[in-house]
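Student:
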Amino acid sequence: MIVLAFETSCDETSVAVLENGKVLSNIIASQLFHSEFGGVVPEIASREHLKKIVEITEEALSRSKKNLNEINLIAATSEPGLIGALLIGLNFAKSIAATLNIPFVTVNHIQAHIYSTFLNQKRPEFPFISLIVSGGHTLLILVNNYFEHKILGTTVDDAAGEAFDKVAKLLKLGYPGGPIIDKLAKQGNPDYHKFPLANVKNYPLNFSFSGIKTSVLYFLRDIDFENKRSDKLVNDICASFQYAAVESLYRKTLKAIQKYGIKNISISGGVSANSCLQKKFLSLNKEGYKVFIPDLEYSTDNAAMIGLVGMLKYKLSKRKKYYSRESFNEKAKPRLNYENF
Ligand code: KG4
Ligand code: ZN
Numbered sequence: 040m041i042v043l044a045f046e047t048s049c050d051e052t053s054v055a056v057l058e059n060g061k062v063l064s065n066i067i068a069s070q071l072f073h074s075e076f077g078g079v080v081p082e083i084a085s086r087e088h089l090k091k092i093v094e095i096t097e098e099a100l101s102r103s104k105k106n107l108n109e110i111n112l113i114a115a116t117s118e119p120g121l122i123g124a125l126l127i128g129l130n131f132a133k134s135i136a137a138t139l140n141i142p143f144v145t146v147n148h149i150q151a152h153i154y155s156t157f158l159n160q161k162r163p164e165f166p167f168i169s170l171i172v173s174g175g176h177t178l179l180i181l182v183n184n185y186f187e188h189k190i191l192g193t194t195v196d197d198a199a200g201e202a203f204d205k206v207a208k209l210l211k212l213g214y215p216g217g218p219i220i221d222k223l224a225k226q227g228n229p230d231y232h233k234f235p236l237a238n239v240k241n242y243p244l245n246f247s248f249s250g251i252k253t254s255v256l257y258f259l260r261d262i263d264f265e266n267k268r269s270d271k272l273v274n275d276i277c278a279s280f281q282y283a284a285v286e287s288l289y290r291k292t293l294k295a296i297q298k299y300g301i302k303n304i305s306i307s308g309g310v311s312a313n314s315c316l317q318k319k320f321l322s323l324n325k326e327g328y329k330v331f332i333p334d335l336e337y338s339t340d341n342a343a344m345i346g347l348v349g350m351l352k353y354k355l356s357k358r359k360k361y362y363s364r365e366s367f368n369e370k371a372k373p374r375l376n377y378e379n380f
C-alpha cells in the first residue's frame, strides 16, 4: 500500500510518501520567519502552507520515485491544530483523493506523535506508556493496543514545549526556544539554580509548567538580568531550567510506568529531541526498561507519522468504506477531542 500524507497543523508544511509503512520520502518545510514575531502567527502560517503545498507535494513524489497514479491512500492531519492551517492540507489532500477516486483518511496529530516511534527500526511493544511532549501538548498515555489509548495525565497549564519557548522568550533567545535552550544548556551548569518541580494536588500524573516559567521570570528580575546578562549566565539559566523541566517529565513518567507495571516507554513530540531528556530517559534502558524515541526527523512535526497512522487506521478500521467522496463530511476540529481519542 502506497500512502501520500499531509501535515499542516502548525508551522511545518510536510508531505510524505510511504510504502507499506516504510518512508520513501518525507519533505518538511519549516516556516522559520515566525521567529521575528516570537511565536506562530496563524494567518501567516495558513497562507504559507497554501504557497508551498504544491511544490512540497511534487518534491515528495519525485523523491519517492512514485507518481500520483501509484498512490493507494491519502492521509491528512485533521486535528488538533490551527484551523486555517489544517484546512489547507485537508482540502488539498481531499481534492487529490477525489480526483484519483482513492480512499482518504483523517489523522489525529497526537495519535501520529504516539506512533512516530513505529517509524524507527525498533518499535515499542504493547502495552506501552507514551509521553507526548510537543509545543501544544503534554500527555501521558497508556497504549494497550493499536488505537486503544487511555490518557493518564496531561498538563494543567502550559505544554512542555511551550515552557521552553516562553523561557527562551524571557531570555530573548528567539523562537522556537527548545532547540536554542538545548544548545546553550550544554555549556551551562544545571545546578546553578533550583527551579521548582511542580506537583498537581491529587493528580500525581498531571503536569504543570507555568510555575517553572514564572519562577524563571522572578529569578531574572531578582538578579537584575537585563544589566548582568552574560553568555555564562544565560547558559547556566538554560541548563537549570532544562534540568527542572526534564526532571518533572521524568518523575511523572516513572510514576506511571511503576503504577501500571509497564516496561516499554515511547517519548515523542518536538521536546523528545532534547538531548538532556534523551540522556535521562535512555538511562532507564539499564534498569530493564525499553525506551523508544523517534529519529530527529520524526520527533518534530512531519507527514511520515501521519502517513503511518493513516495506513494503520485504514487497515484496522471496521468501517467498510473509506472512499474520499464519502469522507467529505469529516470536519476539521480545532481542539483535541478526548472523547474520541
Ligand atoms: O511536535 P512539535 O514539532 O510541534 C507541535 O506539535 O507542537 O513540537 C514543537 C515544540 C516547540 O515548543 C519546540 O521549542 C520544542 O518542540 N522543541 C524542543 C527541542 N526541539 C523542539 N524542546 C526542547 N529541546 C529541543 N531540542
Ligand atoms: Zn506536533
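Take the sequence shown: its letter number 122 is residue 161 in this note's numbering, and every next letter is one higher.
Each residue gets a CB set at the ideal place from its N, CA and C atoms; glycine is no exception.
Closer than 7 Å by C-beta to F167: which residues in its own chain qualify, once you throw out the five before and the five after it? Chain order, please.
Tutor: Cβ within range, chain order: V182, I301, N303, I304, S305.
Student: For K359, count neighbouring Cβ atoms within 10 angstroms of its own Cβ and tell me buried if that reaches 16, exposed if not.
Tutor: Its pLDDT being 46, under 50, K359 is placed unreliably by the model, and the measurement read from it follows with that caveat. Flag for K359 reads exposed.
Student: Nearest chain D C-beta to I127 closer than 8 Å, yes or no?
Tutor: The chain labelled as chain D is not found in the depicted structure, where only one protein chain is given.
Student: Could you tell me which uninterrupted beta strand (DSSP E) segments, each at least 3 residues in length, are contained entirely in the stretch 186-238, listed from first to last along the chain?
Tutor: Complete beta strand (DSSP E) runs here, min 3: 187-193.
Student: Please classify F167: does DSSP put it in a helix, a strand, or coil?
Tutor: The answer is strand: DSSP assigns F167 an E or B state.
Student: Would you say Q317 and N274 are within 8 Å of each other, going by their C-beta atoms?
Tutor: The answer is no: Cβ separation not under 8 Å.
Student: The alpha helix (DSSP H) with S411 in it runs from where to where?
Tutor: This structure cannot speak to residue 411, because the chain is shown only from 40 to 380.
Student: With C-beta atoms as the reference, is K208 less than 8 Å away from L244?
Tutor: No. Outside cutoff.
Student: Compute the Euclidean distance between the alpha carbons of N266 and L272, then round it to the nearest angstrom.
Tutor: So the two alpha carbons sit approximately 11 Å from each other.
Student: Would S74 pass as a contact of N65 if the rule is Cβ separation under 8 Å?
Tutor: No.
Student: Under the criterion of a Cβ to heavy atom distance below 7 Å, does T339 qualify as lining ligand 1?
Tutor: Yes - ligand 1 has a heavy atom lying nearer than 7 Å to the Cβ of T339.
Student: With a CB to CB cut of under 6 Å and the five nearest residues on each side skipped, what residues in its chain are close to V348?
Tutor: Cβ neighbours of V348 beyond the five flanking positions: V146, Q150, A151, Y154.
Student: Take every Cβ of the stretch 324-342, pair it with every Cβ of the stretch 130-144, and state whether three or more of those distances are shorter than 8 Å.
Tutor: At 8 Å Cβ cutoff, the stretches do not touch.
Student: Could you please give the first and the last residue of the uninterrupted alpha helix (DSSP H) stretch that includes L323?
Tutor: Careful: L323 lies outside any alpha helix (DSSP H) and carries neither H nor E.
Student: Within the same chain, show all residues whose beta-carbon is closer than 7 Å to that of V62, passing over the 5 residues directly before and after it, in chain order.
Tutor: Taken in chain order, the residues that qualify are A55, L158, A343.
Student: Which stretch, first to last residue, makes up the alpha helix (DSSP H) that contains E109?
Tutor: Taken as a continuous stretch (DSSP letters only), E109 belongs to no alpha helix (DSSP H), as it is neither H nor E.
Student: What do you get for P119, buried or exposed, if any count of 16 or more other CB atoms within 10 angstroms of its CB means buried?
Tutor: Buried, since its Cβ has 16 or more Cβ neighbours within 10 Å.
Student: Who are T156's beta bridge partners in DSSP?
Tutor: Bridge partners of T156: none, in fact.
Student: What residue range is occupied by the uninterrupted beta strand (DSSP E) comprising S287?
Tutor: That residue, S287, is in no beta strand (DSSP E); its alpha helix (DSSP H) goes 270-299.
Student: How about H148 and S48: do their beta carbons lie closer than 8 Å?
Tutor: A contact, by the Cβ cut-off of 8 Å.
Student: Can you find at least 3 beta carbon pairs, one from the stretch 186-199 and one from the stretch 237-257, that sit closer than 8 Å?
Tutor: With a cut-off of 8 Å, the stretch 237-257 and the stretch 186-199 count as touching, because enough Cβ pairs lie within range.
Student: With three or more C-beta pairs closer than 8 Å as the rule, is the stretch 97-112 touching the stretch 121-132?
Tutor: These segments do not touch.
Student: Verify the contact flag: H148, CB atom, against every heavy atom of ligand 2, threshold strictly below 7 Å.
Tutor: Checking every heavy atom of ligand 2 against the Cβ of H148, one is found closer than 7 Å.
Student: Could you tell me whether the Cβ atoms of A237 and I220 are closer together than 8 Å?
Tutor: Not in contact: A237 and I220 (Cβ atoms no closer than 8 Å).
Student: So what does T145 bridge to, in DSSP terms?
Tutor: Per DSSP, A115.
Student: Have a look at Y299 and I180 and give me their C-alpha separation to the nearest angstrom.
Tutor: For Y299 and I180, the distance between alpha carbons rounds to 11 Å.
Student: V206 and F280: beta carbons closer than 8 Å?
Tutor: It is a contact, given that the beta carbons lie within the stated cut-off.
Student: Just curious, the beta strand (DSSP E) that A55 is in, first and last residue?
Tutor: From DSSP, the beta strand (DSSP E) with A55 extends over 51-58.
Student: Can you tell me whether K90 is helix, strand or coil according to DSSP?
Tutor: Helix at K90.
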